[in-house]
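K.L.:
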Amino acid sequence: MTAERILILGGVRSGKSRLAERLARGRGWPVTYLATATPGEDAEMRARIAVHRGRRPADWALIEEPLYLASALRAATGPECCVLVECLTLWLANLLWAGDERLLERELAELRALLPDLPGQVIFVGNETNQGIIPVDALARRYCDLAGELHQDIARHCQRALLCVAGLPLVLKGPPLAGMEGE
Amino acid sequence: MTAERILILGGVRSGKSRLAERLARGRGWPVTYLATATPGEDAEMRARIAVHRGRRPADWALIEEPLYLASALRAATGPECCVLVECLTLWLANLLWAGDERLLERELAELRALLPDLPGQVIFVGNETNQGIIPVDALARRYCDLAGELHQDIARHCQRALLCVAGLPLVLKGPPLAGMEGE
Amino acid sequence: MTAERILILGGVRSGKSRLAERLARGRGWPVTYLATATPGEDAEMRARIAVHRGRRPADWALIEEPLYLASALRAATGPECCVLVECLTLWLANLLWAGDERLLERELAELRALLPDLPGQVIFVGNETNQGIIPVDALARRYCDLAGELHQDIARHCQRALLCVAGLPLVLKGPPLAGMEGE
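These protein sequence lines are chains A, B and C, in that order.
When you number the first sequence by this note's numbering, it's gap-free, plus one each residue, and the end is 249.
When you number the second sequence by this note's numbering, it's gap-free, plus one each residue, and the end is 249.
When you number the third sequence by this note's numbering, it's gap-free, plus one each residue, and the end is 249.
#1: Express the C-alpha separation of Leu169 of chain A and Leu238 of chain B in angstroms, rounding to a whole number.
#2: Please name the residue, chosen from B:Glu173, B:Arg114, B:Arg91, B:Ala206, that lies closest to Cys147 of chain B on a Cα-to-Cα basis.
#3: Tell me whether Gln225 of chain C sits in a helix, a strand or coil according to DSSP, three-state version.
#4: State buried or exposed for Ile201 of chain A, treating a residue as buried only when at least 16 other CB atoms are found within 10 Å of its CB.
#5: Between Ala136 of chain C and the rest of its own chain, which residues show a CB-CB distance below 6 Å, the 5 nearest in sequence each way excluded?
#6: Would you report the Cα separation of Trp157 of chain A and Asp166 of chain A, rounded to the nearest angstrom?
#7: Where does Gly248 of chain A land, buried or exposed, given buried means 16+ other C-beta within 10 angstroms?
#8: Quick one: grab the DSSP three-state call for Glu110 of chain A.
#9: Please classify Cys230 of chain A as buried or exposed, where buried requires at least 16 neighbouring CB atoms within 10 angstroms.
#10: Which of the three DSSP states is assigned to Pro182 of chain C in this structure?
#11: Should the stretch 192–200 of chain C be called in touch with the stretch 199–216 of chain A, which here means at least 3 C-beta pairs below 8 Å?
#12: Less than 7 Å separating the Cβ of Asp166 of chain A from some heavy atom of the ligand MN?
#13: Quick check: what's the CA-CA separation for Ala213 of chain B versus Asn160 of chain B?
#14: Can you list, in chain order, the residues of its chain with a C-beta nearer than 8 Å to that of Glu70 of chain A? Leave out the 5 residues immediately preceding and following it.
#15: Cα-Cα, which of A:Arg122, A:Ser80, A:Glu152 is closest to Ala101 of chain A?
#16: In chain order, what residues of the same chain lie with their CB nearer than 7 Å to the CB of Arg172 of chain B, ignoring the 5 residues before and after it?
#17: Going by DSSP, name the residue or residues bridged to Tyr99 of chain A.
#18: Does any C-beta atom of chain C lie closer than 8 Å to the C-beta of Ala69 of chain A?
#19: Give the single residue among B:Glu110, B:Gly106, B:Leu73, B:Arg84 whose Cα lies nearest to the Cα of Arg208 of chain C.
#20: Listing by chain order, which chain B residues have their CB less than 7 Å from the CB of Ser80 of chain A?
#21: So which residues on chain B does Val202 of chain A lean against when the C-beta distance must stay under 7 Å?
#22: Using a C-beta cutoff of 8 Å, does Gly248 of chain C count as contacting chain A?
#23: Closer than 8 Å by beta-carbon distance: list the chain B residues that pair up with Asp256 of chain C, in chain order.
#24: Find the residues of chain A that neighbour Ile199 of chain C, judging by a C-beta separation of less than 8 Å, and give them in chain order.
#25: Between the Cα of Ile129 of chain B and those of B:Ala142, B:Leu243, B:Asp211, spot the shortest distance and give me the residue it belongs to.
#26: I'd like to know whether the C-beta of Gln218 of chain B is nearer than 8 Å to at least one C-beta of chain A.
#27: Using a Cβ-Cβ distance cut-off of 8 Å, determine whether Ala179 of chain B contacts chain A.
#28: Along chain A, in chain order, which residues have C-beta atoms closer than 7 Å to that of Ala227 of chain B?
#29: Any beta-carbon of chain C closer than 8 Å to the one on Leu150 of chain A?
#30: Have a look at the DSSP bridge pairing and note the partners of Cys230 of chain A.
#31: Please classify Pro123 of chain A as buried or exposed, where buried requires at least 16 other C-beta atoms within 10 Å of its C-beta.
#32: Answer yes or no: do Tyr232 of chain C and Leu150 of chain C have a C-beta to C-beta separation smaller than 8 Å?
#33: Tell me which residues share the same chain as Arg114 of chain B and place their Cβ nearer than 8 Å to its Cβ, disregarding the 5 neighbours each side in the sequence.
#34: Please identify the residue among B:Asp125, B:Asp108, B:Ser83, B:His223 whose C-alpha is closest to the C-alpha of Thr98 of chain B.
#35: Please identify the residue among A:Thr68, A:Arg121, A:Gly76 whose C-alpha is closest to the C-alpha of Thr195 of chain B.
#36: Answer with buried or exposed for Pro182 of chain A, where buried requires no fewer than 16 other C-beta atoms within 10 angstroms of its C-beta.
Below is the structure:
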């Protein structure tokens with residue numbers, strides 16, 4: 067049927083991942099979990115990834131892609147398929163850390179070009195990081211600028227956008243969510 | 067009657083305390099103010115506490131408990147009583163600063179166990195600190211993780227959850243608030 | 067007709083400026099853009115200002131006033147005129163950096179006194195900076211306190227208050243916005 071793109075934003079431990087997983091399961095289509103985190107060397111990151119993994123149904127496909135998100139999305143999406151992208155802002159941070167300005171701009175442009183035509187259900191999860199004090203660090207400010215613009219671009223092409231606070235969704239765009247309270 | 071648990075989140079100077087005080091007064095029950103701040107040595111904290119004190123009705127009971135929140139709640143709550151807890155996130159910070167991992171985990175577990183059965187009206191005030199840039203400092207990241215999880219746990223057992231911005235409540239959970247604008 | 071005061075808050079790159087510009091254009095009155103930023107020496111600030119300038123209609127009047135906001139508002143506002151103030155929190159930061167405590171207090175008091183009687187349409191844009199981790203730096207904490215109180219004061223005298231996230235407005239106060247999605 068029609069495509070259904072959803073943006074779920076939220077601060078640290080706001081319940082955004084759980085909400086994304088619930089919406090993915092609720093659709094009833096086969097799910098591909100597109101992870102932009104890669105375990106790597108960092109113990110804290112490995113622990114966070116392990117928690118997410120433990121919670122996901124065993125029949126979900128997993129793709130790990132820290133940099134080339136547009137290509138991965140092109141390959142993974144399809145009619146009557148669900149792709150859950152977690153998370154947008156980590157992907158952006160990966161691109162910034164890679165330190166290749168042309169790669170960064172090309173990847174952002176490719177994702178933007180792809181957005182309007184993505185088929186099936188695509189759920190984007192992103193960190194809301196821009197409602198605190200403006201960072202002193204120039205790279206962090208750059209990150210905030212790019213993250214804010216990215217979230218606007220994605221929201222524009224989503225049928226639904228939500229902001230999670232304390233595990234509860236505020237509707238930014240689209241119809242109210244039913245049955246999301248008290249779970 | 068039935069219990070009424072309310073979570074009020076908000077950033078710095080977002081009007082969350084005033085809203086909590088208004089909801090406590092509105093109920094018409096005797097109120098116990100359960101403060102997790104203690105004046106101590108810090109001049110800024112003493113000044114903040116003095117402002118809150120000056121605003122509260124003289125007939126409210128006061129309990130100061132920086133660490134053992136579950137015990138204090140068990141003692142202070144009751145049918146047709148209101149307890150206003152201010153604030154959750156300072157209590158969490160107190161526990162983290164105490165540096166005793168077993169105390170921290172025991173207190174969090176006790177509060178979680180107590181939540182579903184708290185009688186009367188209980189209003190929890192917490193700082194929303196998790197929508198800014200992820201802190202570089204590991205202890206601050208730990209604090210954010212714990213605060214986010216705590217707010218989710220509390221919200222799950224509340225009939226009402228609100229996020230204050232510019233003195234105005236966004237309803238995260240429960241019925242709309244009447245008569246809260248323009249005060 | 068009746069005065070219409072609007073507060074638009076939002077984090078970094080949340081779409082708050084675009085929304086403010088859209089609301090100003092939508093009213094159909096002559097618009098004065100009251101900028102609290104001045105280009106000065108800083109390349110990043112100059113670039114941000116240039117982006118905003120390039121987006122604004124050529125027939126909007128421009129006033130640049132980094133410190134004396136109340137006087138500038140008194141001069142610029144009028145019946146069937148629109149004044150767009152961008153932004154409140156930069157004005158506050160300018161006052162704090164000026165380092166003159168009496169100037170700061172006088173300016174805040176003057177703005178507060180002026181608010182209830184401002185004629186025409188006045189749109190205030192402010193940064194939401196208070197939902198991140200509490201800053202370690204004392205000046206940054208002072209800034210957050212003042213910004214939070216200022217936003218509350220302004221919201222109290224506005225008919226409409228909005229929080230922008232990912233380019234989408236959450237209604238804090240006033241009627242829903244029509245036709246703001248998907249633009």
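Just so you know, even glycine gets a beta-carbon here, dropped at the ideal spot from N, CA and C.
P.N.:
Concretely, from the data shown:
#1: For Leu238 of chain B and Leu169 of chain A, the distance between alpha carbons rounds to 39 Å.
#2: Among B:Glu173, B:Arg114, B:Arg91, B:Ala206, the Cα nearest to that of Cys147 of chain B belongs to B:Arg91.
#3: DSSP, read as helix, strand or coil, puts Gln225 of chain C in coil.
#4: Position check: residue 201 of chain A holds Pro in this sequence, whereas Ile was assumed. Here Pro201 of chain A is buried: its Cβ has 16 or more other Cβ atoms, across all protein chains shown, within 10 Å.
#5: Glu176, Leu177, Leu180.
#6: The alpha-carbon atoms of Trp157 of chain A and Asp166 of chain A are separated by roughly 14 Å.
#7: Per-residue confidence for Gly248 of chain A stands at a pLDDT of 41, beneath the threshold of 50, marking its modelled position as unreliable; the derived number appears in the next sentence. By the 10 Å Cβ count, Gly248 of chain A comes out exposed.
#8: Helix, per DSSP.
#9: It counts as buried.
#10: If DSSP states are grouped into helix, strand and coil, Pro182 of chain C belongs with the helices.
#11: Contact holds: three or more Cβ-Cβ distances are below 8 Å.
#12: Of the ligands one can find in the structure shown there are none, so the ligand MN has no counterpart to examine.
#13: Rounded to the nearest whole angstrom, the C-alpha separation of Ala213 of chain B and Asn160 of chain B is 12 Å.
#14: So the qualifying residues of the chain are Arg93, Gly186, Gln187, Val188, Gln225, Arg226.
#15: Of the candidates A:Arg122, A:Ser80, A:Glu152, the residue whose Cα lies closest to the Cα of Ala101 of chain A is A:Glu152.
#16: None.
#17: Partner(s): A:Leu128, A:Leu150.
#18: No, Ala69 of chain A lies away from the interface with chain C (no Cβ there is under 8 Å from its Cβ).
#19: Looking only at B:Glu110, B:Gly106, B:Leu73, B:Arg84, the smallest Cα-Cα distance to Arg208 of chain C is reached by B:Glu110.
#20: Here the neighbours are Asn196, Gly214.
#21: Those within 7 Å of Val202 of chain A in chain B number zero; the least Cβ separation is about 10 Å.
#22: Residue placement at Gly248 of chain C is poorly supported in this model, since its pLDDT is 41, which falls under 50; the coordinates are not used for a value here.
#23: Lying outside 67 to 249, the shown extent of chain C, residue 256 of chain C is not represented and no answer is given.
#24: Chain-ordered, the chain A residues with CB closer than 8 Å to the CB of Ile199 of chain C read Gly198.
#25: With distances taken between Cα atoms, Ile129 of chain B lies closest to B:Ala142.
#26: True, the Cβ-Cβ gap to chain A drops below 8 Å.
#27: Answer no: the Cβ-Cβ gap between Ala179 of chain B and chain A never drops below 8 Å.
#28: Those are Ala232, Leu234, listed as they occur along chain A.
#29: Taking Cβ atoms only, chain C never reaches closer than 8 Å to Leu150 of chain A, which makes this a no.
#30: Paired residue(s): A:Gly76, A:Pro235.
#31: Its Cβ having fewer than 16 others within 10 Å, Pro123 of chain A is exposed.
#32: For clarity, residue 232 of chain C is Ala in the given sequence; the question names Tyr instead. It is not a contact, given that the beta carbons lie outside the stated cut-off.
#33: Only Ala103 meet the Cβ criterion.
#34: Looking only at B:Asp125, B:Asp108, B:Ser83, B:His223, the smallest Cα-Cα distance to Thr98 of chain B is reached by B:Asp125.
#35: Looking at the Cα atoms, A:Gly76 is the closest of the given residues.
#36: By the 10 Å Cβ count, Pro182 of chain A comes out exposed.
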